[in-house]
Amino acid sequence: MLNKELIVRGAPQEYFCQVGAWDTLPTHLERRGLKNVLVVRGNASWEVAKKKFPVLSNVTSTFEVYNGGSTYEERDRLVAIMKTNNMDAIIAVGGGKIADVCKAAAAVLRLPVIILPTLASTCAAYTPLSVMYDVYGAMIRYDVFASSNALLLIDPEMILDSPKELLVAGIGDTLAKWYEADVIIKSLPTKSVEIEIAHIAAKMCRDNLLQFSEEALNAMDKQELNEAFVKIIETNILVGGMVGGFGDDYGRCAGAHSIHDALTMVPETHHLLHGNKVAYGILVQLVIENRWNEIDQLLPFYAKLGLPTSLYDMGLATLTEETIVAVSKRATEPHETIHMMPGEMTAEVVLNAIKQLEDSMAMKRVAKYK
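For our numbering, count along the sequence shown from 1 and bump the result up by 1455.
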């Protein structure tokens, strides 16, 4: 039997992935009877997105630039705008943080949230939860909502034109779905149907990413849409979202994301992409599990994509011992998901794993240049 409550949040109410999907937005708004909407967008991504964003001629639409963070302060600012103008929906156009802060605002108001992603760097557009940060960029917690996202419209051509490094980070983040779900699920004495679905989806994440990532990234280089590219963006968004959607706490996060969460407390990491820190966290988790053979199998994939394998790779080799100790303690705070792994997860366990991984990667660098 499971020792924690499991609630399925399997999918958005409606999901549509196809070239031209954004053009259907006016029809969807009409079907839902939505008349007054707030459109929240970024800056850089909007320069490309505005070319594809449809004219909302039968809807009152107000456009707002978000402040760059998924914070409670920004959530409350958006809530105030929507209340003042008596709006009936919020539309997020952008990446994961815009999606998260818009979902959070919609949850406060109990109004629908519609998401048009410009990136495939996380499953944020799919999942009914928000990762919330403080104003300094440190992660606070995950807020899980009772209502699914109302509508998700993905135009693969929009994402084809996004920065390549962000798709790579998305691949790193989604790869963790397998390693984090598997370490939890394989330790369970029994597996419900929901958890079996999460496990299957997690394995699909790993298999698709290892098979199609290189071809998908080549498609970005050539700016030519192909099947591999669509498969990767749907893996990052849809399949990745299904893992936590069906597995709940048994499929969402374990060691890799706890390492990411802890790193966010270090100002020197704030410029690093979420998925890159998670990809590094996968390796730390595998060291904790003593699965060095699995690390060796992953390293060529990491090298092809440019994913970090060490603090050194992330430009963090000069972090002090005191800082690394603090990261290890933060990664093992009582609320952290690393405790979903079997065994006792202490700060000392994490600290030793970080040091072992750093030593191992340093030795491989030396061997490479001999």
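Glycine residues also receive a C-beta, built at the ideal position from the N, C-alpha and C atoms. Given the structure is predicted, the values throughout are model-derived calculations rather than measurements.
Arg1496 is bridged by DSSP to Val1520, Val1548.
Across the structure, Val1548 and Ser1525 are spaced so that their CA atoms are roughly 14 Å apart.
Of the candidates Leu1564, Met1594, Lys1619, Val1586, Lys1619 places its Cα closest to the Cα of Leu1574.
Excluding sequence positions up to five before and after Arg1785, its CB lies within less than 6 Å of the CB of Ala1717, Met1720, all in the same chain and listed in chain order. A buried status is given to Trp1633, since no fewer than 16 other beta-carbon atoms sit within 10 Å of its beta-carbon. Between the C-alpha atoms of Ser1765 and Thr1479 there is a straight-line separation of about 44 Å.
Taking the CA atoms as reference points, Thr1577 sits about 20 Å from Arg1530. Distance from the Cα of Arg1596 is smallest, within the candidate group Ser1512, Thr1792, Met1816, for Thr1792.
In this structure, DSSP gives Ile1609 an extended state, which the three-state scheme calls strand. For Ser1713, the number of other beta carbons within 10 angstroms of its own is at least 16, and it is reported as buried. Annotation for Glu1682: the continuous alpha helix (DSSP H) segment containing it runs 1682–1689. Under the three-state reduction of DSSP, Met1594 is assigned to strand. Per DSSP, reduced to three states, the secondary structure at Thr1792 is helical. Taking a C-beta distance under 8 Å as the contact criterion, Val1492 and Ile1536 do not qualify as a contact pair.
When C-alpha distances from Ile1650 are compared across Asn1604, Val1623, Phe1701, the shortest belongs to Phe1701.
Taking the CA atoms as reference points, Ala1466 sits about 23 Å from Arg1496. Judged by DSSP in its simplified three-state form, Ser1585 adopts strand. In the structure shown, Pro1722 adopts helical secondary structure according to DSSP, grouped into three states. Annotated three-state conformation of Pro1572 is strand, per DSSP.
Beyond the five residues adjoining it in sequence on each side, Gly1761 comes within less than 7 Å, by CB distance, of Val1623 in the same chain, given in chain order. Glu1469 sits in a strand when the DSSP states are folded into three classes. Here Arg1746 is not near Pro1583, since their CB atoms are 8 Å or more apart. Between the alpha carbons of Arg1486 and Ser1500 lies a distance of about 28 Å. In the three-state reduction of the DSSP assignment, Thr1479 falls in the helix class. Per DSSP, the beta-bridge partners of Asn1491 are Thr1515. Val1599 is bridged by DSSP to Leu1584. Between Ala1734 and Val1698, the beta carbon gap of about 16 Å keeps them out of contact (Cβ cut-off 8 Å). DSSP places Thr1773 outside both helix and strand once states are collapsed to three, so it counts as coil. A distance below 6 Å between beta-carbons, with the five flanking residues on each side excluded, links Ala1802 to the following residues of its chain, in chain order: Ser1783, Lys1784, Thr1787. For a cut-off of 8 Å, the C-beta gap from Leu1665 to Ala1674 is around 17 Å, too long to register as a contact. When beta bridges are read from the DSSP output, Thr1778 appears opposite no residue.
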